[in-house]
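Residue numbers (the UniProt record's numbering): 1 to 198. Quick reminder that beta carbons are idealized off the backbone N, C-alpha and C, glycines included. These numbers come from a predicted model, not from an experiment. Shown next, in structure tokens, is the structure this report addresses.
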């Protein structure tokens, strides 16, 4: 039998995640419905109408003489369990099921997808709520942070500058200074993104 926290981690994002203002989720062991409460123990909405029988896999019969059992999950517990459940992929092999990743389509554009199934030659992925298949020959990479993307842009811009020079000829200090000056000028003119000289 599943625990409430496991059901919430698996299914709550389908309902737009943890409700704003709620500090805990509670259910009685013999019920498939959940209730959310704010810090004052109140909740202005009918949770059954929104979540239905979300916890059906958690229901257990009442045992006579043991009182009424219940489960409570706090927001902090939910967020910690949700973070721990996220599947990471380091870029080796193919992304595991449940992992968000980017793949490069034949058009050359990168798309974000979530791996649902990975076979030997193709994969079933979720893209914006609809299933699609992709060939495993397509380049794939882990989701990169905004910082990683900025560093890539900076690095590529500097490489573009360096490609303008013949490095077999750049062995004297005046040529090195000319390259450094060129990089600084391009930074100040905005040609190298995400860097400012103050």
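Pull up the distance between the alpha-carbon of residue 27 and that of residue 99, whole angstroms please.
Residue 27 and residue 99: Cα-Cα distance of roughly 30 Å.
Quick check on the burial criterion: 16 or more other C-beta atoms within 10 angstroms. Buried or exposed for residue 123?
It is buried - the Cβ of residue 123 has at least 16 other Cβ atoms within 10 Å.
Who pairs with residue 103 in a beta bridge, going by DSSP?
According to DSSP, which records beta bridges pairwise, residue 103 is partnered with 111, 140.
Just to confirm the assignment, what range does the alpha helix (DSSP H) spanning residue 123 have?
Run containing residue 123: none in the alpha helix (DSSP H); it sits in the beta strand (DSSP E), 122–127.
DSSP three-state label for residue 51, please.
Residue 51: helix per DSSP, three-state reduction.
What distance in whole Å lies between the Cβ atoms of residue 49 and residue 204, which are believed to be in contact at a cut-off of 8 Å?
Residue 204 is absent from the structure shown; the chain starts at 1 and stops at 198.
Going straight from the alpha carbon of residue 61 to that of residue 29, what length do you get?
Roughly 7 Å between the two C-alpha positions.
Candidates 20, 31, 191, 15: which alpha carbon is nearest residue 68's?
When only C-alpha atoms are compared, the closest one is 31.
Give me the DSSP bridge partner(s) of residue 181.
Its beta-bridge partners do not exist; DSSP assigns none.
Are the region 70–82 and the region 10–25 touching, with three or more C-beta to C-beta distances below 8 Å?
The region 70–82, when compared against the region 10–25, does touch it at the 8 Å Cβ threshold.
Are the region 132–151 and the region 86–105 touching by the rule of at least three beta carbon pairs closer than 8 Å?
In short, these stretches touch, since the Cβ pair count reaches three.
List the residues that DSSP assigns as beta-bridge partners of residue 118.
BP columns for residue 118 point to 123.
Apart from the five residues just before and just after residue 95, which ones in its own chain have a Cβ nearer than 6 Å to its Cβ?
Here the set comprises 89, 101, 115.
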